[in-house]
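Numbering (this note's numbering), first residue to last: 30 to 354.
Glycine included, each C-beta is placed from N, C-alpha and C at the ideal position.
First the structure, in the form of structure tokens, and then the observations on it.
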């Protein structure tokens, strides 16, 4: 068995013959690389990954991701080749697709951030610099992480309705990506933003609200180190829900800033509905009725919205390599 291969096509991967009877000892890693995310720095990183993987006598392959998110071929490979780790080199969209497809498989996941937001990686404490993130991968210490579903759609980071979802839809339509484009779209939508009507249904009670946006978070990140849910944990079995209610637009940036700084924690939800601009609470699940069909994003990617959305946590859904406490 060889210790390294060049980037292969799917046909070449499926056709690779391995000894299926002899179990692999030690780690056997698949590096999944998004060929279009990041910059030319990724090529130099891949050379480092290959060099160090060989030095450490790791069994590995480097495989390109695919836009369709179909990784059935990799499910077969995990069992036939005794893959132990799937390392994702890309941004939030790639992370979502890969983990959604493979979270039920007996592998550890790692992330080397190469996107514009890198929400899950930053929430998990994974270094933003790719070389440092790769060093963390080499340590190989994984722990269980929650995820959640929105009307059956898988989400492992942060999803939402309203203003930020509209930004995601407009951002996806742009030819150029990156933080500058995202900021431009955010500013344009800010001046056009109007609140949407929602009904929030929890186990104990329900309430109506007019809100600019609702965020449902597993971690604490919007991305780019912007903290939206300060109490969030990746493994507490709870979703963190942030509702930015109708207010004077001049106050909106300051209210969000207080939330980011952690100065707007929920005390009593019932009282806060009339007293606070931003509601923040934790729950294992909820239903959101969305009569005005506010736009939806799932892990930063635009998705078709619905008049009613059922949201439920998936505790201990997958194992992620991250710094250990």
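In the DSSP assignment, what are the bridge partners of residue i?
i: residue 246; result: 187, 269
i: residue 327; result: 188, 330
i: residue 164; result: For residue 164, which the question treats as bridged, DSSP gives no partner whatsoever.
i: residue 93; result: 62
i: residue 230; result: 235, 316
i: residue 88; result: 57
i: residue 240; result: 225, 274
i: residue 375; result: Past the edges of the chain, shown from 30 to 354, lies residue 375, and the structure says nothing about it.
At least one CB of chain D closer than 7 Å to the CB of residue i: is that the case?
i: residue 259; result: No chain D appears in this structure, which consists of one protein chain only.
Buried or exposed for residue i, please, with buried defined as at least 16 other CB atoms from any protein chain shown within 10 angstroms of its CB.
i: residue 10; result: For the chain, the structure presents residues 30 to 354; residue 10 sits outside this window and is missing.
i: residue 150; result: buried
i: residue 322; result: exposed
i: residue 96; result: exposed
i: residue 64; result: exposed
i: residue 188; result: buried
i: residue 202; result: Interpretation of residue 202 is limited by its pLDDT of 45, a score under 50 that renders its predicted location unreliable; no figure is taken from the coordinates.
i: residue 212; result: A caution first: residue 212 carries a pLDDT of 48, below 50, which makes its placement in the model too unreliable to give a value.
i: residue 99; result: exposed
i: residue 158; result: exposed
i: residue 136; result: buried
i: residue 194; result: buried
i: residue 340; result: buried
i: residue 162; result: buried
i: residue 353; result: exposed
Between residue i and residue j, how many whole angstroms is the CB-CB distance? I'm expecting something under 8 Å.
i: residue 153; j: residue 351; result: 4 Å
i: residue 342; j: residue 309; result: The pair is not a contact, with the Cβ atoms about 17 Å apart (cut-off 8 Å).
i: residue 260; j: residue 239; result: With a Cβ gap of about 25 Å, residue 260 and residue 239 do not count as contacting.
i: residue 372; j: residue 148; result: With the chain covering 30 to 354 only, the question about residue 372 has no answer from this structure.
Should residue i and residue j be called a contact, given that it needs their Cβ atoms to be closer than 7 Å?
i: residue 241; j: residue 192; result: yes
i: residue 243; j: residue 268; result: no
i: residue 346; j: residue 175; result: yes
i: residue 183; j: residue 129; result: yes
i: residue 155; j: residue 338; result: no
i: residue 228; j: residue 318; result: yes
i: residue 324; j: residue 316; result: no
i: residue 87; j: residue 56; result: yes
i: residue 116; j: residue 139; result: yes
i: residue 89; j: residue 118; result: no
i: residue 344; j: residue 248; result: no
In the DSSP assignment, find the alpha helix (DSSP H) that holds residue i and state where it starts and stops.
i: residue 108; result: 101 to 109
i: residue 128; result: 121 to 131
Could you spell out where the beta strand (DSSP E) holding residue i opens and where it closes?
i: residue 81; result: Looking at the DSSP string, residue 81 is not in any beta strand (DSSP E); the run it does join, the alpha helix (DSSP H), is 70 to 84.
i: residue 151; result: Premise fails: residue 151 lies in the alpha helix (DSSP H), 148 to 152, not in any beta strand (DSSP E).
i: residue 345; result: 337 to 350
i: residue 178; result: 171 to 179
Quick one: does the C-beta of residue i sit closer than 6 Å to a heavy atom of the ligand NAP?
i: residue 264; result: The model depicted lacks the ligand NAP and carries no ligand whatsoever.
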